[in-house]
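The structure is reproduced here in structure tokens:
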């Protein structure tokens, strides 16, 4: 396989996987549309917010006769719903969910009213928003870049392993080293800024993002061991590449850090 074609294919596969797992994750904004007394309303509702202030809800509504409110409660509780009136601000209706500590979650619905008709934009479904600390760009951007490069080298190594005329072992080493840097060094630093904990995966918790890192590093370690002293590890490298791609297709932040409200009461 020609190098240019290999890297182009690896880049396309990596980018597709990266975009997919971001857009399908539980913190990606909820999008959709709803009919409010004959008016189509398109919405984009946040599912992630910073601990530095309220979570701003904004719905584009140009008709001044449309109003509404947001109802919310703490996630996984039987708290009574609290209402916040949506205020007109230009061509939008806005409200702010109250500031919360890191990893706390609120469940909310947006209700719009026109005349005698009131509609929940998401029907019976509640949107869940998780709060996080502000991660400096100097940490966030390198983490994203390094993880992307790790996936790129992982995919390239797998594609190279399919070509019996090429040796994928150097690419395998690069993939393992870069994924280690992104997931074990930069990842915990970002986690500390966002949620106040360096590691919430196995054996300390069930955070799938951390556990995905462990799985990918484990399979690459096995592939590198299999290829020691010049031994052919083509099948191992291909398997490691496929497994890494599969685990990174799992939606981003699924089963991520979540504050237990009984713990928050003692904070």
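In the numbering used here, the protein residues as written are 13 to 279. By construction, the Cβ of each residue, glycine as well, lies at the ideal position given by its N, Cα and C atoms.
Setting aside the 5 residues that flank it on each side, residue 89 is surrounded in the same chain by 273, each with a C-beta closer than 8 Å to its C-beta; the list follows chain order. Between residue 216 and residue 43, the alpha-carbon positions lie close to 34 Å from each other. In this structure residue 53 is not in contact with residue 109, their Cβ atoms being roughly 19 Å apart against a cut-off of 8 Å.
Rounded to the nearest angstrom, the gap between the Cα atoms of residue 34 and residue 142 is 15 Å. Exposure of residue 146 is indicated by the presence of fewer than 16 other C-beta atoms within 10 angstroms of its C-beta.
The beta carbon of residue 98 sits closer than 7 Å to the beta carbons of 79, 80, 81, 82, 105, 106, 107 from its chain, once the five residues preceding and following it are set aside; these are given in chain order.
Counted as a single uninterrupted DSSP element, the beta strand (DSSP E) harbouring residue 117 occupies residues 117 to 126.
The straight-line gap separating the alpha-carbon atoms of residue 19 and residue 218 is approximately 34 Å.
Within the same chain, Cβ atoms closer than 8 Å to the Cβ of residue 205 are found at 145, 146, 147, 148, 151, the five residues on either side in sequence being excluded. The DSSP-derived three-state label of residue 84 is strand. Counting along the chain, residue 31 sits inside the alpha helix (DSSP H) bounded by residues 15 to 35. One Cα belongs to residue 64, the other to residue 70, and the distance between them is close to 18 Å. The Cβ-Cβ distance between residue 119 and residue 165 does not fall below 7 Å. The distance from the Cβ of residue 245 to that of residue 238 is about 4 Å, consistent with a contact at the 8 Å cut-off. Closest option to residue 207, judged by alpha-carbon separation, among 23, 61, 57, 161: 61.
Distance from the Cα of residue 95 is smallest, within the candidate group 84, 46, 25, 101, for 84.
Using a Cβ distance threshold of 7 Å, residue 183 and residue 158 do not count as a contacting pair. Assigned with DSSP and collapsed to three states, residue 133 falls in coil, not helix or strand. Residue 180 counts as buried, since no fewer than 16 other beta carbons sit within 10 angstroms of its beta carbon. For residue 57, no alpha helix (DSSP H) segment is defined; the enclosing uninterrupted segment is the beta strand (DSSP E) at 51 to 57. In chain order, 162, 165, 166, 169, 232 place their CB closer than 7 Å to the CB of residue 187, counting only its own chain and leaving out the 5 sequence neighbours on each side. When C-alpha distances from residue 250 are compared across 241, 240, 236, the shortest belongs to 236. Looking only at 91, 59, 49, 92, the smallest Cα-Cα distance to residue 128 is reached by 49.
With a 10 Å radius around the Cβ and a threshold of 16 neighbouring Cβ atoms, residue 16 comes out exposed.
Sequence-distant Cβ neighbours of residue 21 in its own chain, meaning closer than 7 Å and more than five residues away, are 171. When the Cα atoms are used, residue 76 and residue 135 turn out to be separated by approximately 23 Å.
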